[in-house]
Every structure is written in structure tokens, then in C-alpha cells.
Amino acid sequence: MGLDVGSKRIGVAGCDGTGLIATGLTTIKRTSFEQDVSQFRELVEQRDVQVLVVGLPYSMNGTLGFQARQVQKYARRLSAALQLPVEYVDERLTSFEAEQLLHAEKLSPSRHKALIDRKAAAIILQQWLDTRRSNR
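Numbering of the sequence shown is given in my numbering, commencing with residue 842 and proceeding in unit increments.
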């Protein structure tokens, strides 16, 4: 399951059974950690999730800033709560790429923030799937 973790929303993506194609599933509006876990637990059970793939917002110079450390902290807590391993993907420019996809679909990014989060999560998961496949 791919995650684009933000301070207000978390974009969620899943993949097909063969692990070839990632698609955006939903966007979780963050309220409390317990509420987040409850929603994730449902998705994990429905989709037989094996790993959490979390986008890590590196700085443009490749360092981990404040936001990246916050994402890691959240991902570690979620990983422990769901008893799933977590892996990270460099998510630089995935939100920009998701916005470009919306422009191509003639949709306004400012009106479709949740959709951007889902698409960014799908891009994150697709990068991870592609990397895994090429390393085999």
C-alpha cells in the first residue's frame, strides 16, 4: 500500500495482485492517530496488504528535513500499529507530477487536493513496484 503522508490528508494507493500497476484508492482525512489506524486497518484487511510504502519528502539537496522526519515518525507508529514493515521512496516532485496529471485531465488542482494526494500515492507505489521489478 502506497502512502503520501501530509499534515491534513494521506493519499492511499494499492496495486493489482501481480504487483504491476498502482492505482489511487482513497484519501484519508487526518483527525487522530487512532482514527487513522482504524481506517488503515480496514484497508489492510480488505486488500491483504504486505508492506507500507511511504513517500519521504527529501529536500531538493537530498537531505531529510523537518517534514521528512515527521513522516518517518508517523510511518513508524503506523507500521507498529498495523504490524507491517515500512519502506520509503523518495517522493520529491510526486505532488507536482500528480498536479500535471490533473491539468492533463482538465481538472483544477486547487479544487481536487484529495485527488492529488491519491495520485501522488500511486506514483510513489509505482516507483517502488518498478524498482523492485528491475532489481529482480
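The C-beta atom is built at its ideal place from N, Cα and C for all residues, glycine as well.
Positions of the beta strand (DSSP E) runs, each at least 3 residues long and wholly inside the segment 844–926, are given as 850–856, 863–870, 893–897 in order along the chain.
If the five residues before and after Phe-874 are omitted, its C-beta is found closer than 7 Å to the C-beta atoms of Arg-918, all from its own chain and listed in chain order. The alpha-carbon of Arg-888 is positioned some 18 Å away from that of Ala-921. Counting along the chain, Lys-960 sits inside the alpha helix (DSSP H) bounded by residues 954–976. The residue from Asp-845, Val-885, Glu-946, Asp-857 with its alpha-carbon nearest to that of Leu-925 is Val-885.
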